[in-house]
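Below you'll find the structure, written out as structure tokens, and then a few comments.
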Amino acid sequence: MQESGLKTTPAEESRNDQQKEDPITIAELAILAQKKLPKQVWDYYASGADEENALRRNRSAFDRLLLRPRVFRDVSHVDTSTIIFGKKYRIPIGISPSAMQQLVGGNGEIDMARAAASRGTTMILSSHTTCTLEDVIQAPGGGNPNRERCAQVISRFQGNRINERKTPLVLPPHLSLANLHQKRNNSTTKVKPLKAQPTMNRILLEARTAQEAAEITRGNHDTLNDASLTWSDTMSWLRSKTNLKIILKGIMTAEDALLAIEHGANAIIMEAANWTLSLPLSK
1 MQESGLKTTP
11 AEESRNDQQK
21 EDPITIAELA
31 ILAQKKLPKQ
41 VWDYYASGAD
51 EENALRRNRS
61 AFDRLLLRPR
71 VFRDVSHVDT
81 STIIFGKKYR
91 IPIGISPSAM
101 QQLVGGNGEI
111 DMARAAASRG
121 TTMILSSHTT
131 CTLEDVIQAP
141 GGGNPNRERC
151 AQVISRFQGN
161 RINERKTPLV
171 LPPHLSLANL
181 HQKRNNSTTK
191 VKPLKAQPTM
201 NRILLEARTA
211 QEAAEITRGN
221 HDTLNDASLT
231 WSDTMSWLRS
241 KTNLKIILKG
251 IMTAEDALLA
261 IEHGANAIIM
271 EAANWTLSLP
281 LSK
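What follows is the structure in structure tokens.
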């Protein structure tokens, strides 16, 4: 049985009975989430790509970090704020795009935007959101409702998650990818039917042959990712569509970080992604 990279340790599981509804640590939050979420939703959020090598390495990399407290230092007026693109935030940490947040309940991305604003930081909305861009912006603290709208929401590349193959994640009938208005599969290929509409990263996983994949691609060309993207063409096109700052997610090598800046990106997001195959934590 494939174990998720976010599975709890025996020591953590021994505290399950004492687990409170107000978790303090990330490990406690994971325990609470696993208890409350349906299996397919937990597997979607907790699993990594393929054999989860990258997820384990990322966790190991963070575990190696040590805090070195210093004594007799005046910390009565600590300022953790930082300025990003001319705006001041209370902490130098933001929330990067994460998909389909209403799967865990509540108002999903709207709640996340409010939480980020209440802590003086920011969030970036995923293209696979279950709330519309306008609704998130209009939420208290969600953003400026009069700022320029992006001309088009850019799809993110999806990984091949083993646990999603075993326990396929499908959106409940009452949820949809609000910014993409995903279409049903109109191809003639016969694939195993699902009880609810599949998320985009599941569509091609239904194919079992190259011919099936080609048919599905033709029937879903508006929602699948473009395999022909290049730095020069894509960045110039994106810049022509917006005057907003362009922040790239998914940069995992120093070479691509340099190319991002060379081609006009204003910033990149540094994160420990679950979906990479076997790459080390970005440095």
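Residue 1 is where the sequence shown starts when you use the numbering used here, and the numbers rise one by one after that. Virtual Cβ for every residue (Gly too), placed ideally from N, Cα, C. Source: prediction; values computed, not measured.
Open item on the list: Whole angstroms are fine: how far does the CA of Q211 sit from the CA of L29?
Closed with: Near 43 Å, if we compare the C-alpha coordinates of Q211 and L29.
Open item on the list: I need the straight-line Cα distance from A139 to P97, nearest angstrom please.
Closed with: 17 Å
Open item on the list: Please report whether the beta-carbon of R90 lies at a distance below 7 Å from any beta-carbon of chain D.
Closed with: Absent from the structure: chain D. Only one protein chain is present.
Open item on the list: Need the endpoints of the beta strand (DSSP E) that I84 sits in, please.
Closed with: T82 to I84
Task: C-alpha distance - W231 paired with S240, whole-angstrom precision - done: 14 Å
- [ ] Classify M252 as helix, strand or coil using the three-state DSSP reduction.
- [x] coil
- [ ] For T112, name the three-state secondary structure that DSSP assigns.
- [x] The sequence shown places Met at residue 112, not Thr. Three-state result, M112: helix.
Task: I31 to I124 span [Cα, whole Å] - done: A direct Cα-to-Cα measurement between I31 and I124 gives close to 26 Å.
TODO: Inspect the beta-carbon positions of T130 and G108 and report whether they are closer than 7 Å.
DONE: yes
Open item on the list: Let me check one thing: in DSSP terms, what residues is I268 bridge-paired to?
Closed with: L248
Task: Within 7 Å, strictly: CB atoms of G120 and R90 - done: Yes, these two residues count as a Cβ contact at 7 Å.
Task: Beta-bridge pairing of M100 - partner residues as DSSP gives them - done: Answer is none; M100 lacks a bridge partner.
Open item on the list: Quick test of your reading: I247 and I269, contact by CB under 8 Å. State the CB separation rounded to the nearest angstrom.
Closed with: 6 Å
Task: Terminal residues of the alpha helix (DSSP H) in which I137 lies - done: L133 to Q138
Task: Limits of the unbroken alpha helix (DSSP H) element including L29 - done: I26 to K36
TODO: Under 8 Å by Cβ, that's how I've got A99 and S126 pegged, so tell me the actual separation to the nearest angstrom.
DONE: 5 Å
Open item on the list: If I measure Cβ to Cβ from F85 and keep anything under 6 Å in the same chain, skipping five residues before and after, which residues do I get?
Closed with: K245
TODO: Can you tell me which of the three DSSP states I93 falls into?
DONE: In the three-state reduction of the DSSP assignment, I93 falls in the coil class, being assigned neither a helical nor a strand state.
Open item on the list: In whole angstroms, give me the CA-to-CA distance for G264 and S228.
Closed with: 19 Å
- [ ] Can you say whether G48 is buried or exposed, counting buried as having 16 or more other CB atoms within 10 angstroms of its CB?
- [x] buried
Open item on the list: Please report the straight-line C-alpha distance between D79 and V71, rounded to a whole angstrom.
Closed with: 18 Å
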